[in-house]
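Numbering (this note's numbering), first residue to last: 190 to 460.
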């Protein structure tokens, strides 16, 4: 494990922590940064690294929303606990589409679509969608997580399954779907955060099992370092997003995605 690889892992963990929660595609950014900051490690490790450092991002959600997600909190009465349990039921129902499709087609999708061109196209497509949706925005039907029904939760989960195509962005797909279905921006963002917990835990566990857990001590240290950095940065990214959307819409992320997609095409296709 070289000092240069340590610096690269810190940078990549920083990128993961920011882009996992902002709807701008962590995969797109990691592909772009990896083109310049290639880890001098095996291909199996690098592919696993990009998935496993998401655990740090997930831990940030759990820490920030622990009280809200904890049905056994002493500060909650019976009805509040039931609402929390109901929220978890909606989350579990919502992640089923992506879980099923991921288990069946993950390897095929990665083989067919994990390339800069696909990522660039998806960045641009969803960037345009964000702008179009926000321009036609109406008063939301669901202004709180409690108002969200199971049918809407499942439909949001179907949108999340679209994120199996690299460059779509898991948070981007779920937020676009939630906005289309009539949720408030804060509800769309928070439900996307909560859906990420089982989704990304499952994806990380699957990737580790496929890799065989046969990493060296140095490689495990790099995974841990990347996850820690991703956790710290994710805390700030989540807080920033929730504060930002209290006063602004998602159009700025749409413009950003379009610009990044064009840069990816310019770098990987034209140059």
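Note that beta-carbon positions come from the ideal geometry of N, C-alpha and C, so glycine has one too.
Secondary structure of residue i, DSSP reduced to three states
i           : result
residue 331 : strand
residue 405 : coil
residue 357 : coil
residue 299 : helix
residue 265 : coil
residue 434 : coil
residue 277 : helix
residue 254 : coil
residue 260 : coil
residue 198 : helix
Pairwise C-alpha distance: residue j and residue i
i           : j           : result
residue 346 : residue 392 : 15 Å
residue 272 : residue 373 : 19 Å
residue 215 : residue 368 : 20 Å
residue 260 : residue 275 : 9 Å
residue 407 : residue 194 : 11 Å
residue 380 : residue 279 : 9 Å
residue 432 : residue 250 : 15 Å
residue 201 : residue 222 : 7 Å
residue 258 : residue 340 : 21 Å
residue 461 : residue 425 : Residue numbering for the chain in the displayed model covers 190 to 460; residue 461 lies beyond these limits and cannot be assessed.
residue 325 : residue 228 : 43 Å
For residue i, the nearest candidate out of the options (CA to CA)
i           : options            : result
residue 322 : 296, 353, 362, 405 : 362
residue 413 : 450, 239, 367      : 239
residue 404 : 237, 295, 308, 283 : 237
residue 459 : 309, 206, 389      : 309
residue 377 : 195, 311, 212, 208 : 212
residue 456 : 426, 343, 333, 225 : 225
residue 439 : 330, 317, 359, 419 : 317
residue 333 : 375, 423, 262      : 375
residue 199 : 336, 307, 209, 415 : 415
Beta bridge counterpart(s) of residue i as assigned by DSSP
i           : result
residue 372 : 331
Whole-number beta carbon distance between residue j and residue i, since they are thought to touch under 8 Å
i           : j           : result
residue 252 : residue 384 : Contact doesn't hold; Cβ gap of about 17 Å is too wide.
residue 410 : residue 242 : About 13 Å; that fails the 8 Å criterion.
residue 423 : residue 206 : 4 Å
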